[in-house]
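Residue numbers (our numbering): 10 to 481.
Using N, Cα and C, we set each Cβ at its ideal position, and we do this for glycine too.
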């Protein structure tokens, strides 16, 4: 799911320097062979780019030598007026040279970009040579809907300033310096994320996603918000609900799509909060990801555009709003629980387990603590019990009115499950288990193999064995 950089090269129109050439002599014929100038030589020959040349000379890393190399490069070259506006009352020497280097590299793309591709795409992303969050190259957004070429919504190719051909690439002269973009900058530049920007503002979260600490944002596009709101407006959503909903799309740290793809599937935590546990502590909600067919979150939202890299994080555009998950959300999203879901639905039609386990937090019997057997646990049974017995078995895995996280599990604790019988927690676990459980029937060594899948109405701990209640 790597963003594919498209190349573009606009038609040359102005700049006398386009026709400037060095000369070399052909020893055999004595004719003069014109040699096209490189990017730095062309910029140096244009008095309107003298500030750019001075900046290249002042920055760390000898960018003059780099941009005189073989390339190919595309350079978005700010005019002198653009640098004057960028500097304001400051001088070039007031900018730390390492910062200046990154700003300049944000105008350099390691490709020779062509106009036909760009116009055909209309808008999209490519990467600059500046360094962003997680060691990834910073993204730049281009948009041709205005008839010209705009970058990050702040800088445009000047009339006649496109496609100045160099021996090692192409120069496009632009009317503004393109600052290093934050998450909010990228979201604001892309019209398809305008609903997200409005939601962040309404929830007073713009500042929270503008800090220096890296974040990963799962950004619903406008269509996703329209579908979620279903005719309502953002103003109809209570501020606290909207705040937590948006935080359910925020992950601490920079997580590129390759990290998710390499992991395959699993759980991470968002910045949204769920119910309080026994220590009266609100816990961050879990998020399930699966990369078997693209990247999908909680079984409801897929990545439409991956790896938009900013200075303070990474954006993945998604095609659906990721609502606050319930216990049912995770059970249905995670294929490891597919047999459990079948047991809760098709095999027990007389009990509406889905409705019960979807009960919102604060309404009894929520929140829940669910001990969820994986598919192999059901496979190990001699047979799946008949509905009346299976219903009691399933109720034996659910504790009501308590969100018991792993830190609140203590040795010897015997909670009473929804079937009225108790289980016993044994710590530490054996054979690599996090904990062992003794079920109502007295079976021991039932392994807790994963913990703290936090939903909005309870928490799931994963079992390697189905627990059985005592026979009445």
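Item, Value
"In terms of residues, what are the limits of the alpha helix (DSSP H) holding residue 208?", "203-211"
"Please state whether DSSP places residue 463 in a helix, a strand or coil.", "strand"
"Label residue 426 either buried or exposed according to how many other C-beta atoms from any shown protein chain fall within 10 Å of its C-beta, with 16 as the threshold for buried.", "buried"
"Exposed or buried, which one is residue 106 when buried takes at least 16 other CB atoms within 10 Å?", "exposed"
"Between the segment 250-269 and the segment 307-325, do at least 3 Cβ pairs fall closer than 8 Å?", "yes"
"For residue 359, is the beta carbon positioned less than 7 Å from some heavy atom of the ligand HEM?", "The model on display carries no ligand, and the ligand HEM is accordingly not part of it."
"Ignore the nearest five residues each way along the sequence and tell me which others in residue 30's own chain have a CB closer than 7 Å to its CB.", "For residue 30, the predicted model reports a pLDDT of 37, less than 50, meaning its position is unreliable and no value from the coordinates is stated."
"Going by beta-carbon coordinates alone, are residue 185 and residue 163 separated by less than 8 Å?", "yes"
"So who's on the other strand from residue 146, going by DSSP bridges?", "140"
"How would you label residue 100, buried or exposed, when you count the other beta carbons within 10 angstroms and need 16 or more for buried?", "exposed"
"Take every Cβ of the segment 56-64, pair it with every Cβ of the segment 80-97, and state whether three or more of those distances are shorter than 8 Å.", "yes"
"Drop a sphere of 10 angstroms on the beta-carbon of residue 337, count the other beta-carbons inside from all chains shown, and report buried for 16 or more, exposed for fewer.", "buried"
"Thinking residue 187 and residue 253 are a contact (beta carbons under 8 Å), I'd like their distance in whole angstroms, please.", "No, residue 187 and residue 253 are not in contact; Cβ-Cβ is about 34 Å, not under 8 Å."
"Report yes if the C-beta distance between residue 335 and residue 464 is below 8 Å; otherwise report no.", "yes"
"Where residue 369 and residue 96 are concerned, what is the direct C-alpha to C-alpha distance, given to the nearest angstrom?", "53 Å"
"I believe residue 415 touches residue 424 by the beta-carbon criterion, under 8 Å. Please report the beta-carbon distance rounded to the nearest angstrom.", "Contact flag wrong, Cβ pair sits at about 14 Å."
"How big is the Cα-Cα spacing for residue 473 and residue 343?", "15 Å"
"Inspect the CB distances between the segment 124-138 and the segment 238-258 and report whether three or more fall short of 8 Å.", "no"
"What did DSSP end up calling residue 165 once you bin it into helix, strand or coil?", "strand"
"In its own chain, which residues sit with a C-beta less than 7 Å from the C-beta of residue 73, not counting the 5 before and 5 after it?", "49, 65 and 66"
"Could you tell me if residue 289 is buried or exposed, where buried requires 16 or more neighbouring beta carbons within 10 angstroms of its beta carbon?", "exposed"
"Go through its chain and collect everything with a Cβ distance to residue 469's Cβ below 7 Å, but skip five positions before and after it.", "336, 339, 379, 381 and 462"
"Does residue 469 come out as helix, strand or coil in the three-state DSSP assignment?", "strand"
"Output the distance between the C-alpha atoms of residue 412 and residue 450, rounded to the nearest integer angstrom.", "24 Å"
"Contact check, residue 183 vs residue 160 under 8 Å by CB: the rounded distance?", "7 Å"
"For residue 167 and residue 88, I'd like the C-alpha separation in whole angstroms.", "9 Å"
"Which runs of the beta strand (DSSP E) at least 3 residues long sit entirely within the segment 36-106? Give them in chain order.", "41-45 and 82-87"
"Within 10 angstroms of the Cβ of residue 108, are there 16 or more other Cβ atoms? Answer buried if so, exposed if not.", "exposed"
"Using DSSP with H/G/I as helix, E/B as strand and the rest coil, what is residue 382?", "strand"
"In angstroms, rounded to a whole number, what distance separates the CA positions of residue 286 and residue 434?", "17 Å"
"Quick one: give me the first and last residue of the beta strand (DSSP E) that residue 249 is part of.", "Residue 249 -> not in any beta strand (DSSP E); alpha helix (DSSP H) instead, spanning 248-256."
"So, are the CB atoms of residue 219 and residue 206 less than 8 Å apart?", "no"
"Residue 316 lies in the alpha helix (DSSP H); which residues open and close that run?", "Segment 310-319 is the beta strand (DSSP E) holding residue 316; no alpha helix (DSSP H) there."
"In whole angstroms, what is the alpha-carbon distance linking residue 351 and residue 221?", "45 Å"
"For residue 415, which of helix, strand or coil comes out of DSSP?", "helix"
"Ignoring anything shorter than 3 residues or poking outside the segment 340-410, list the beta strand (DSSP E) runs there in chain order.", "377-382"
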